[in-house]
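**Student:**
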Amino acid sequence: MNLKKALPHLLAIGIFLLTVVVLFSPQFQGKTLRMGDITSFNGSAKEYADYQKETGERANWTGTSFSGMPTFQISSVRAGNQIGLLEKPLQGFLPRPAGYFFGGMLCCYLLLVLLGVSPWLSIVGAFGAALATNHIVLFEAGHMSKIVTIFYLPLIASGILLAYQKKYLLGGVIFAIALALSIRANHPQMLFYFAMTLPIFGAVRFASDLKKGQLGHFAKAAGVLVIGAILALGSGASNLMTTLEYTASSMRGGQVLETPLAAPNGKDAPKKGLEWDYSMQWSNGFKDLVATYAPLAAGGGNGQEITADTDLGKALRRAGLNVRGEFAAPMYHGSLPFTEGPSYLGAVVWALFLFGLFTARRSIAIWLGGGTLLLFLLSLGKNFEGFNHLLYDILPFLNKFRAPSSALGVASFMMVSLGVIGIHDWLKKTDDQPEAAKKQLLYSGITAAVLGLIVAVLLPGFITFAGANDTALLQRFTGGQIEVASLLDALESTRASLYSADAWRSFLFVGLTFGVLFLMWRKTVSPLIGGLVLAAFLLFDFSGVNGRYIAKEDWRKTPRNAAPFQATAADQQILQDSDPHFRVLNVAVNTFNDASTSYFHKSVGGYSAVKMRRYDDLIKGYLSKRDPKVLSMLNTKYFILPGQDGQVQAQRNPNAFGPAWLASNLQMVNSNDEEFAALGSVPDLKATAIIHNEFADEVSGLSPNGQGTITLTKYSPNDLSYLFDSPSEQLVVFSEIWYGPDLGWEVTIDGAPAELIRTNYLLRGLRVPAGQHEIKMSFRPSSYSTGKLISMICSLLLLIGLAGYIGKTIMDRNQGQKTATPTEVL
């Protein structure tokens, strides 16, 4: 290896390591942050984790969330996928989350270096792509899969660009590996948003290659990328196949009821995918987009720290409240329901982006510039409805996703990469065409100045600093102690002041950035010095804003085995029950958006954005109303209720049906609507099994009388066993959630295969002959076993391909050195 050539790259890696060690120093001291999504994951995955620890096997089903559901999207499936062997090297062998951010820097650095950008300028891109406030806010919330997926996107982009630079093998290998890693990270929404920008690049390249008469090259590059995509998708087959299979039964798979509960007239209920209003709840507004430039344009976060000398602080003191120093106040007034912080992409990044629009090679400028615009429009969601509803209706898979605001996360690397590539291309022009380079600098600088003045001077006169829920937020903030009407003007005035200060702050950073570019044009500073100064500006810019949302005091020293939830007296009382299988309804928490109950019990509620559609219907139609018959049908043995003294208490339900029971009547129905409605109209829900006519053949000739017994003898997430005893043929109804047909749940009677049917809209039923029998149910989805094999094969092929390319490169280099070395013949 040529040490002189390698030295800049080694220094860059050293800078990245130093940066993450400093930024995440509390992590290296054994401290952690309490992150909402991670805490919820720990609650939802408790049974899964315990089972894996005890048996060494994966639990593909859990009984602790929403009365039972697959675990495919609680903990992503990685069985057979060996591509994860590359994660630790890319993350610098650092523990997470520091390793994630190191990996984010390294991936964008590799993109730029592989495109020929100098290491010093590439460091600028690495910082801009990884340290954006948007990512820090995502990190604080615990959205790790989203962050990691975003961080791999620059590598995918580099593979595409290299393939179209006729570096087919290198481009194909990098593209396939990076895409496989992104798929493994398991946030397909971010990948989908990035993929939506690729037609822009494809159209530009096709037009260019058509004009040059090089359509063969275009097709060859496309073919290489298609092969790489197939292998990458194959490497993630164990996760993708199980997820796709489950999606059809989930909220994101469309409606089951002929008259959906969410829209009684059926107007806005799509046959497939999420309802528009639900999926668009987290849509950015105009002020949220301005916050990508001026971070407090929409107020920052719902608990934004402000000082006591602000107008709001003074008004609170006048009202008799004791506020001193800094305090958290409801400053956010954007379009999101709430947020921890802004999607700030950086003033320096904005300056570089605008510069790159004028200076970068056209194909990249159109792609990254047009792609960024597309992502901004997508993030508006319902607030740019005509455009987004059209895409929502016509693009496959887009209606499976929610929270379009997250599209801005993809824009971060695209904006800074365009800027850095623009500097690289422009520096060449400063030598060859100095006047043209001067004009590019001038025009881009004027554009940046005009934008900055619009944001700082013009917009404050046109936007409102009032929020839709200000009165309620202030009442909650003050605890109802004072009349809040007198505080509204002070609240808006404080928001306006925060906006102005940050707008001028960003204007300053934009000016400093263009000042460095001017000095580089004058040759006063070298690209090396200029790159390092710009990198320093990025660090100062982001650290000043990021520190508002994660401070060192937010990190806490917690024991390694500390439980994420503490058992209440009610939890402890219920845990004394030796019954192996019953459910708990906790109404002392946000029942259907809370994972704490799942940590201790088999919960009727839970925390998941991909609940089963039938169960979601049950929540809306019955469980949210606490229907006693339906709760008993789910074997809800205990309720956790708020107590008068502030302590929760457990209350036993003596009417719970148990894990399984024998029905004495069959009620046949002709539609899903009838089946669902019958849950509330059948006089005796335990005696009557409601069966859809699609299962008429399975119960033909059956006349149950309910005489006999059925007892649960074994419970584990993947396996259930029962003993049945009856003098006549019966229909057993299990308080287990239906997932089928043929989606993995298998049943045997005395070892002989039998057929489960659906009863009571979402439970399992089984026709059992007279006598004593052992019934066993096992969850063995073929999508998991088949996907595992495909993942193994494709991921190994990718690793072999990478090793082969590295080996070939080394051999070619050694051969070249031998050829270039003169040999003296004696």
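In the numbering used here, the protein residues as written are -18 to 807.
For every residue, glycine included, the Cβ atom is placed at its ideal position computed from N, Cα and C.
Note that the coordinates shown come from a computational prediction; the quantities given were computed from them, not determined experimentally.
#1: Quick one: grab the DSSP three-state call for phenylalanine 546.
#2: With a 10 Å radius around its C-beta and 16 neighbouring C-beta atoms as the bar for buried, classify isoleucine 375 as buried or exposed.
#3: Where do the N-terminal and C-terminal ends of the beta strand (DSSP E) with proline 734 fall, by residue?
#4: For phenylalanine 620 and alanine 551, what's the separation of their Cα atoms in angstroms?
#5: Less than 9 Å between the beta carbons of leucine 454 and asparagine 283, yes or no?
#6: Measuring CB to CB, does isoleucine 808 end up less than 9 Å from glycine 746?
#7: Alpha carbon to alpha carbon, how far is leucine 270 from methionine 171? Give it in angstroms, no decimals.
#8: Enumerate in chain order the residues of its own chain whose CB-to-CB distance from leucine 358 is below 7 Å, with the five nearest sequence positions on each side excluded.
#9: What is the residue span of the beta strand (DSSP E) that threonine 694 lies within?
#10: Cβ atoms of valine 526 and glycine 511: under 9 Å apart, would you say?
#11: Extract the residue ranges of the beta strand (DSSP E) inside the segment 207 to 290, only unbroken runs of 3 or more that lie entirely within it.
#12: Under the rule that 16 or more other beta-carbon atoms within 10 Å means buried, what is glutamine 285, buried or exposed?
#13: Kindly identify the DSSP beta-bridge partner or partners of lysine 538.
#14: Pull the bridge partners of phenylalanine 705 from the DSSP assignment, please.
#15: What does the alpha-carbon distance come out to for the pair threonine 767 and glycine 152?
#16: Note down the Cα distance separating proline 245 from proline 734, rounded to an integer number of angstroms.
#17: Touch check for the segment 416 to 427 and the segment 445 to 454: three-plus C-beta pairs under 8 Å?
#18: Nearest to proline 241 by CA position, among Ser652, Ala60, Phe319, Pro545, is which residue?
#19: Leucine 136 and isoleucine 164: beta carbons closer than 9 Å?
#20: The beta strand (DSSP E) that contains methionine 649, what's its start and end?
#21: Taking the DSSP output, what are the residues bridged to leucine 136?
#22: Threonine 43 and threonine 539 - do their beta-carbons sit closer together than 9 Å?
#23: Just to confirm before moving on: does the CB-CB distance between arginine 687 and leucine 744 stay below 9 Å?
#24: DSSP puts histidine 562 in a beta bridge; with which residues?
#25: From histidine 168 to serine 25, what does the alpha carbon distance come to, in whole angstroms?
#26: Assign aspartate 793 to one of two classes, buried (16 or more other C-beta atoms within 10 Å of its C-beta) or exposed (fewer than that).
#27: Under three-state DSSP, which class holds threonine 669?
#28: Taking C-alpha atoms, which residue in Gly788, Trp719, Ser507 lies nearest to glycine 49?
#29: To the nearest whole angstrom, what separates the beta carbons of leucine 356 and leucine 389, a pair I think is in contact under 8 Å?
#30: How is alanine 641 classed by DSSP in three states: helix, strand or coil?
#31: Are serine 46 and phenylalanine 22 closer than 9 Å when you measure CB to CB?
#32: Look at the alpha carbon of threonine 445 and the alpha carbon of glycine 266, and state the distance between them as a whole number of angstroms.
#33: Leaving out five residues before and five after tryptophan 331 in sequence, what residues of the same chain have Cβ atoms less than 6 Å from its Cβ?
#34: Nearest by alpha-carbon distance to alanine 310: which of Gly327, Arg298, Phe458, Leu399 is it?
#35: Could you tell me which uninterrupted alpha helix (DSSP H) segments, each at least 4 residues in length, are contained entirely in the segment 91 to 126, listed from first to last along the chain?
#36: Please give the ranges of any alpha helix (DSSP H) in the segment 350 to 434, keeping only runs that are unbroken, at least 4 residues long and fully inside the region.
**Tutor:** Judging by the given coordinates:
#1: For the purposes of this step, residue 546 is taken as residue 565 along the sequence shown, with counting starting at 1. Of the three classes helix, strand and coil, the one that applies to phenylalanine 546 here is coil, per DSSP.
#2: Looking up residue 375 in the sequence shown gives position 394. With fewer than 16 other Cβ atoms from the protein chains shown falling within 10 Å of its own Cβ, isoleucine 375 counts as exposed.
#3: Start at 1 with the first residue of the sequence shown, and residue 734 comes out as number 753. 733 to 735 is the span of the beta strand (DSSP E), which, as asked, contains proline 734.
#4: Translated into positions along the sequence shown, residue 620 becomes position 639. Translated into positions along the sequence shown, residue 551 becomes position 570. Across the structure, phenylalanine 620 and alanine 551 are spaced so that their CA atoms are roughly 9 Å apart.
#5: Position 473 of the sequence shown, counted from the start, is the residue given in the question as residue 454. Position 302 of the sequence shown, counted from the start, is the residue given in the question as residue 283. Yes, Cβ-Cβ distance for leucine 454 and asparagine 283 is below 9 Å.
#6: Examination of residue 808 is not possible in this model, given that the chain is present from -18 through 807 alone.
#7: In the sequence shown, counting from the first residue as 1, residue 171 sits at position 190. In the sequence shown, counting from the first residue as 1, residue 270 sits at position 289. Methionine 171 and leucine 270: Cα-Cα distance of roughly 18 Å.
#8: As a first step, residue 358 is located in the sequence shown; it is residue number 377 there, counting from the start. Excluding sequence neighbours, leucine 358 sits near Phe365, Phe368.
#9: Residue numbering aside, residue 694 sits at position 713 when the sequence shown is read from its first letter. Looking at the DSSP string, the run of the beta strand (DSSP E) that includes threonine 694 is 690 to 696.
#10: Working through the sequence shown from its first residue, we reach residue 511 at position 530. Working through the sequence shown from its first residue, we reach residue 526 at position 545. At the C-beta level, glycine 511 and valine 526 stay beyond 9 Å of one another.
#11: 285 to 288
#12: Along the sequence shown, one-based indexing puts residue 285 at 304. The residue in question, glutamine 285, is buried, as its Cβ has 16 or more Cβ neighbours within 10 Å.
#13: In the sequence shown, the residue the question calls residue 538 occupies position 557. BP columns for lysine 538 point to Lys12.
#14: The residue you call residue 705 lines up with position 724 of the sequence shown. DSSP lists Ile691, His754 as partners of phenylalanine 705.
#15: In the sequence shown, counting from the first residue as 1, residue 767 sits at position 786. In the sequence shown, counting from the first residue as 1, residue 152 sits at position 171. Threonine 767 and glycine 152: Cα-Cα distance of roughly 29 Å.
#16: Translated into positions along the sequence shown, residue 245 becomes position 264. Translated into positions along the sequence shown, residue 734 becomes position 753. With a pLDDT of only 44 at proline 245, under the threshold of 50, the placement of this residue in the model should not be trusted; the figure read from the coordinates follows. Distance between the alpha carbons of proline 245 and proline 734 is about 41 Å.
#17: No: fewer than three Cβ pairs fall under 8 Å.
#18: Within the sequence shown, numbered from 1, the residue matching residue 241 stands at position 260. Proline 241 has its Cα closest to that of Ser652, out of Ser652, Ala60, Phe319, Pro545.
#19: Counting from one through the sequence shown, the residue named residue 136 turns up at place 155. Counting from one through the sequence shown, the residue named residue 164 turns up at place 183. Contact flag unset, no.
#20: Taking the first residue of the sequence shown as position 1, residue 649 is located at position 668. Methionine 649 -> beta strand (DSSP E) spans 646 to 650.
#21: Along the sequence shown, one-based indexing puts residue 136 at 155. Looking at the DSSP assignment, leucine 136 forms no beta bridge with any residue, so it has no partner.
#22: Numbered from 1 along the sequence shown, position 558 holds the residue referred to as residue 539. Numbered from 1 along the sequence shown, position 62 holds the residue referred to as residue 43. Not a contact, by the Cβ cut-off of 9 Å.
#23: Within the sequence shown, numbered from 1, the residue matching residue 687 stands at position 706. Within the sequence shown, numbered from 1, the residue matching residue 744 stands at position 763. One detail in the question is off: residue 687 reads as glycine in this sequence, not arginine. No, Cβ-Cβ distance for glycine 687 and leucine 744 is not below 9 Å.
#24: As a working mapping, residue 562 is identified with position 581 in the sequence shown. Looking at the DSSP assignment, histidine 562 forms no beta bridge with any residue, so it has no partner.
#25: Mapped onto the sequence shown, residue 168 falls at position 187. Mapped onto the sequence shown, residue 25 falls at position 44. If I take the Cα positions, the gap works out to 18 Å.
#26: Numbered from its first residue, the sequence shown carries residue 793 at position 812. With fewer than 16 other Cβ atoms within 10 Å, it is exposed.
#27: Reading the sequence shown from its first residue, position 688 is the one you call residue 669. Three-state DSSP puts threonine 669 in a strand.
#28: As a first step, residue 49 is located in the sequence shown; it is residue number 68 there, counting from the start. Measuring from the Cα of glycine 49, the nearest candidate turns out to be Trp719.
#29: Counted from its first residue, the sequence shown places residue 356 at position 375. Counted from its first residue, the sequence shown places residue 389 at position 408. The Cβ separation is near 6 Å, so the contact holds.
#30: Residue 641 sits at position 660 when you count from the first residue of the sequence shown. Three-state DSSP puts alanine 641 in a strand.
#31: As a first step, residue 46 must be located in the sequence shown, where it is residue number 65. As a first step, residue 22 must be located in the sequence shown, where it is residue number 41. It is not a contact, given that the beta carbons lie outside the stated cut-off.
#32: Residue numbering aside, residue 445 sits at position 464 when the sequence shown is read from its first letter. Residue numbering aside, residue 266 sits at position 285 when the sequence shown is read from its first letter. Each residue's Cα considered, the two are about 12 Å apart.
#33: For this step, residue 331 is matched to residue 350 along the sequence shown. If we look at tryptophan 331 and ignore the five residues flanking it on each side, its Cβ neighbours are Tyr274.
#34: Your numbering for residue 310 matches position 329 in the sequence shown. When only C-alpha atoms are compared, the closest one is Phe458.
#35: Here the runs fully enclosed are 100 to 111, 114 to 122.
#36: 366 to 375, 389 to 413, 415 to 434
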